[in-house]
Structures are given as C-alpha cells and as structure tokens.
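Chemist: Before I ask anything, here is the structure I am working with.
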Amino acid sequence: MADQAVAVEDRHDRVAQRAGSGAGEQLAVAGLLAGAVQQAAVRAIARVAGAYANRRASKKRAHIFRAHGAVPYDARLMSFNRDARTVSLWTPTGRATVPYTGRPEDLKAVDTLPVGEADLICRRGVWLLQVALALPQPVVREPVGGFIGVDQGVANLAVTCDGVVLPGPALAGPVGGNGHVRTLRDRRHRQRRRLQKKGTASARRVLRRLAGREHRMMTDLNHQISKQVVREAERTGRGVALEDLQGIRGRVRAHRFQRRTLHSWAFAQQITFTRYKAARAGIAFVLVDPAYTSQACPECGYVSRANRPARGRFVCERCGLAGHADHLAARNIAARGVAGWAAINQPHATGLPSPRRDRESKPPASASGS
Ligand SMILES: [Zn+2]
Numbered sequence: 034m035a036d037q038a039v040a041v042e043d044r045h046d047r048v049a050q051r052a053g054s055g056a057g058e059q060l061a062v063a064g065l066l067a068g069a070v071q072q073a074a075v076r077a078i079a080r081v082a083g084a085y086a087n088r089r090a091s092k093k094r095a096h097i098f099r100a101h102g103a104v105p106y107d108a109r110l111m112s113f114n115r116d117a118r119t120v121s122l123w124t125p126t127g128r129a130t131v132p133y134t135g136r137p138e139d140l141k142a143v144d145t146l147p148v149g150e151a152d153l154i155c156r157r158g159v160w161l162l163q164v165a166l167a168l169p170q171p172v173v174r175e176p177v178g179g180f181i182g183v184d185q186g187v188a189n190l191a192v193t194c195d196g197v198v199l200p201g202p203a204l205a206g207p208v209g210g211n212g213h214v215r216t217l218r219d220r221r222h223r224q225r226r227r228l229q230k231k232g233t234a235s236a237r238r239v240l241r242r243l244a245g246r247e248h249r250m251m252t253d254l255n256h257q258i259s260k261q262v263v264r265e266a267e268r269t270g271r272g273v274a275l276e277d278l279q280g281i282r283g284r285v286r287a288h289r290f291q292r293r294t295l296h297s298w299a300f301a302q303q304i305t306f307t308r309y310k311a312a313r314a315g316i317a318f319v320l321v322d323p324a325y326t327s328q329a330c331p332e333c334g335y336v337s338r339a340n341r342p343a344r345g346r347f348v349c350e351r352c353g354l355a356g357h358a359d360h361l362a363a364r365n366i367a368a369r370g371v372a373g374w375a376a377i378n379q380p381h382a383t384g385l386p387s388p389r390r391d392r393e394s395k396p397p398a399s400a401s402g403s
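Quick note on this note's numbering: the sequence shown kicks off at 34 and runs consecutively.
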C-alpha cells in the first residue's frame, strides 16, 4: 500500500449518521490506556462484534471476513498532513505515509472540517479512504414562502403540491411519469412469487440478486426525488412537509400506506434522505399527520371517501374541486406543514412545552384530519 496513492472519498450520505456515534466515544477511552496496536485490536473487535450483531438481526449464516475487507481507522490510527496532502496510516508493519487525492470539493472538505472515523478499502486494486466528516449544521431559515407538500405513492413515487411528478422526465413511462418504475416493480413481483414457489437454492440466489438490484434502483430514485424537492424548496424560500409514516400503524385502520408492504422501507428512506438534505441546506422540515390527506378537499376542507370517485381522481362532493388525487393530497400535506411549523415555533400559543426550533418535530393533528 505504501507506494500507492489513497483516494479520499467523502460519503456524503453517511456523514450525518456516523458523526458522533457511540462507538467513537468508547474508543477514545480505550485509546487513553493503550498504544496503537491495542487501538487497532479494539477497532477490529468492534468490527467483528458489529458484524455478528448484524448477522443476528438479519438471521444470516456465519459471517465471512474477506482478506481485503474494510479496515476501520479513527483519529488515533491516522493523521492528515493537509498541506502536503498526505495521510499517515497505522499498519501492522508500521506507519505508512501516503499521498491522497479526491474530488476538489471533497479535498476542500477534508481541509476545513473535523475528520471523524474512516474506512480503508480496496476496490479493484485502488485503495480508498472513506472519511466521515462532521458537517456544520446551518441555521434553519424561516420558510417565508410556505411549505412544499410531497405525497408519496405507489403509482407516482412522489407528487408535489405544485403538481410536479418526481423524479420526473428522467424516467420515461406512460401515465404520470413513473410508469416504468411501476411496470418494473410489477414484473419483479410476479417473478419473485414464481421463484418463492419454486424454493430451490438457485431460486433463492436469484431472489437475493433481484432484491439487491431493486433496492439500489429505489435508493437511487429516492436520492433524485429528495434532491429535487430540497432544491425547489431552496429556490422558492419554502420548507418541506412529508407525511409521518410512523404514526400510522394501529391508529388509522387499513391506511393506504399499510397496503404498501412491498416497499414500505422505500417510503421511510425517502423521509430520511429528504430530512438530512433539508438539514444540510438549512431548509425547514416537518412531518405531518397522514390521516385523510387523500380524502380531504384542500379548498373547503370537506372530508369524505366519496371525494374519490375513481383511482387517482379527486372530486369534492361539496365544492366541486376536481383534479389529480396525489396533487391535491400534496396540497393538504403542504397546508399541514405550515400549521405544524407554526405550532412548533409558537409554543405559547399552543401550549407545547419546548420552544426549540426542531427541524423534525411532529406537529399535532390538523383540524381537517380525523
Ligand atoms: Zn371542496
């Protein structure tokens, strides 16, 4: 490794989760007592323990540690010389000082931000150092333009209160822009059922591969969607409101989200992605009560199942407002976002105990809800 350059890779998406992890604190204590060798051993133990905890959770067979698996580093095992663009890494045969390179924005980040833990990995013969950085939390700006409400769905992955279907024209498909995702998912669903019935070892292998592929596709789409939503919020001076999926279970019977068992993780992921991208941009983020967002009229507030005469369509029985059901649901979500933000930021008016400006506090149920 000593004569090879190390590429510094900033894993933007994991930075927030990794910074200030519990493991980091434990290791700082161990480091006071021990030298570098023990420190490396502690890291290895942590890795093995982590692997087994994972294995238990996922009920898989014995974990196989690859010869070139990731080597974890913390501040005691690695030191950066930012002027010379070199990093000194502890190895079993002594310290190795190697030059590093990376994308300009990542190099700048390493130069200016506090460095946390890192993983040294080897990918196709290239050594990569994946560095976790503590990003500064920008102050959340007042959403002067209101909120962008985003309705998550199966037919349309995301529709905003502006009537925009995301991730948009990047995906060619028949109805609503996301047609191709749906066709793909339906096909996979049938394929999966067939393989599950078969139940052979090779069928199980194919199932695992399909699951991985689908997982990556959905993750990529969620990144695209959350990025576009936060960018639009930034451009228009608004905050972002999404439905709170957590509060649903057991409260609203047979809510539409419960029927989405196939990809419920993807909806939760979209919330996670949007939340951290909003925080990074200083955009207000609110989760709202999901009750009846698809049955309530955003104009007059009338709530009825009969407001939904056909799939994907909304017609208010009282005032006659008609349109795309997901778009109008997104308008309800936006309105609840405004109400939720006001409740969080005017604690005395609502009797909420904490005056904190919490980016992700759960607002109380809206009046147009249950
Ligand atoms: Zn109405």
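For glycine and all other residues, C-beta sits at the position ideal for the given N, C-alpha and C. Since this is a predicted model, take the numbers as computed values, not measurements.
Alpha carbon to alpha carbon, how far is T252 from I366? Give it in angstroms, no decimals.
Modeler: The alpha-carbon atoms of I366 and T252 are separated by roughly 23 Å.
Chemist: What separation, rounded to the nearest whole angstrom, lies between the Cα atoms of A372 and E332?
Modeler: Looking at the two C-alpha atoms, the distance is approximately 15 Å.
Chemist: Give the DSSP-derived three-state secondary structure of V262 in the structure shown.
Modeler: Three-state DSSP puts V262 in a helix.
Chemist: Should K310 be labelled buried (16 or more other beta-carbon atoms within 10 Å of its own) or exposed?
Modeler: Classification for K310: buried.
Chemist: Just jot down, in chain order, the residues whose CB lies closer than 6 Å to any heavy atom of ligand 1.
Modeler: Selection output, chain order preserved: C330, E332, C333, Y335, C349, R351, C352, L354.
Chemist: Do V183 and A363 count as a contact pair if the criterion is CB distance below 8 Å?
Modeler: Their beta carbons are under 8 Å apart, which means A363 touches V183 by this criterion.
Chemist: How many Å lie between K230 and R249 at the Cα?
Modeler: So the alpha carbons of these two residues sit roughly 25 Å apart.
Chemist: Would you give the residue range spanned by the beta strand (DSSP E) that I154 belongs to?
Modeler: Element bounds for I154: 148-156.
Chemist: So, helix, strand or coil for E21, using DSSP?
Modeler: Here the chain covers residues 34 to 403 and nothing more, so residue 21 does not appear.
Chemist: Could you tell me which residues DSSP pairs with Y309 in its beta bridges?
Modeler: Bridge partners of Y309: none, in fact.
Chemist: Is there contact between the stretch 301-310 and the stretch 256-263, where contact requires at least three CB pairs shorter than 8 Å?
Modeler: Counting Cβ pairs under 8 Å, three or more are found: they touch.
Chemist: Rounded C-beta distance between T326 and V262? I'm assuming under 8 Å.
Modeler: Rounded, the Cβ-Cβ distance is 17 Å, inconsistent with contact.
Chemist: Using a threshold of 8 Å, state whether the C-beta atoms of A312 and I181 are closer than that.
Modeler: Against a cut-off of 8 Å, the Cβ pair of I181 and A312 comes out as no contact.
Chemist: With a CB to CB cut of under 6 Å and the five nearest residues on each side skipped, what residues in its chain are close to T269?
Modeler: Excluding residues within five positions, the ones whose Cβ falls inside 6 Å are G178.
Chemist: What does DSSP give as the partner residue(s) for L106 in the beta ladder?
Modeler: Rather than Leu, the amino acid found at residue 106 in this sequence is Tyr. Partner(s): A151.
Chemist: Indicate the three-state DSSP secondary structure (helix, strand or coil) for A191 in the structure shown.
Modeler: Of the three classes helix, strand and coil, the one that applies to A191 here is strand, per DSSP.
Chemist: Using DSSP with H/G/I as helix, E/B as strand and the rest coil, what is L254?
Modeler: Helix.
Chemist: Applying the criterion that 16 or more other CB atoms from any shown protein chain within 10 Å of the CB defines a buried residue, is A86 buried or exposed?
Modeler: Per the 10 Å Cβ criterion, exposed.
Chemist: For the alpha helix (DSSP H) holding V183, just list the boundary residues, first then last.
Modeler: Taken as a continuous stretch (DSSP letters only), V183 belongs to no alpha helix (DSSP H), being part of the beta strand (DSSP E) at 180-185.
Chemist: Between the stretch 138-157 and the stretch 109-122, do at least 3 Cβ pairs fall closer than 8 Å?
Modeler: Contact between the stretch 138-157 and the stretch 109-122 is present, because at least three Cβ pairs lie under 8 Å.
Chemist: Expressed to the nearest angstrom, what Euclidean distance is found between the alpha-carbon atoms of T130 and L168?
Modeler: Cα-Cα distance, rounded: 26 Å.
Chemist: Kindly identify the DSSP beta-bridge partner or partners of F347.
Modeler: Its beta-bridge partners are G356.
Chemist: When you compare only the Cα positions, how much space is there between T233 and G135?
Modeler: Computed Cα separation, rounded: 45 Å.
Chemist: With which residues is G127 paired in a DSSP beta bridge?
Modeler: DSSP, once it has assigned bridges, lists T124 as partnering G127.
Chemist: Which value, in whole angstroms, describes the spacing of the CA atoms of E247 and Y335?
Modeler: Computed Cα separation, rounded: 39 Å.
Chemist: Between F300 and L278, which are expected to be in contact by the criterion C-beta below 8 Å, what is the C-beta distance as a whole number of angstroms?
Modeler: Rounded, the Cβ-Cβ distance is 6 Å, consistent with contact.
Chemist: Using CA atoms only, rank isn't needed, just tell me which of E150, H360, G83 is closest to R24.
Modeler: The chain is shown from 34 up to 403; residue 24 falls before or after that span and cannot be answered.
Chemist: When DSSP builds the beta bridges, which residues end up paired with W374?
Modeler: DSSP, once it has assigned bridges, lists no residue as partnering W374.
Chemist: How is the beta strand (DSSP E) around V319 delimited, first residue to last?
Modeler: V319 -> beta strand (DSSP E) spans 318-321.
Chemist: Comparing alpha-carbon positions, which option in V120, P125, G127 lies nearest Y133?
Modeler: Answer by Cα proximity: V120.
Chemist: Buried or exposed for C352, going by 16 or more other Cβ atoms inside 10 Å?
Modeler: C352 is exposed by the Cβ-count criterion.
Chemist: Pick out whichever of Q170, F347, G102 has its Cα sitting closest to the Cα of R156.
Modeler: Comparing Cα-Cα distances from R156 to each of Q170, F347, G102, the minimum goes to G102.
Chemist: Could you pull the start and end residues of the beta strand (DSSP E) that S327 belongs to?
Modeler: Premise fails: S327 is in no beta strand (DSSP E) and is neither H nor E.
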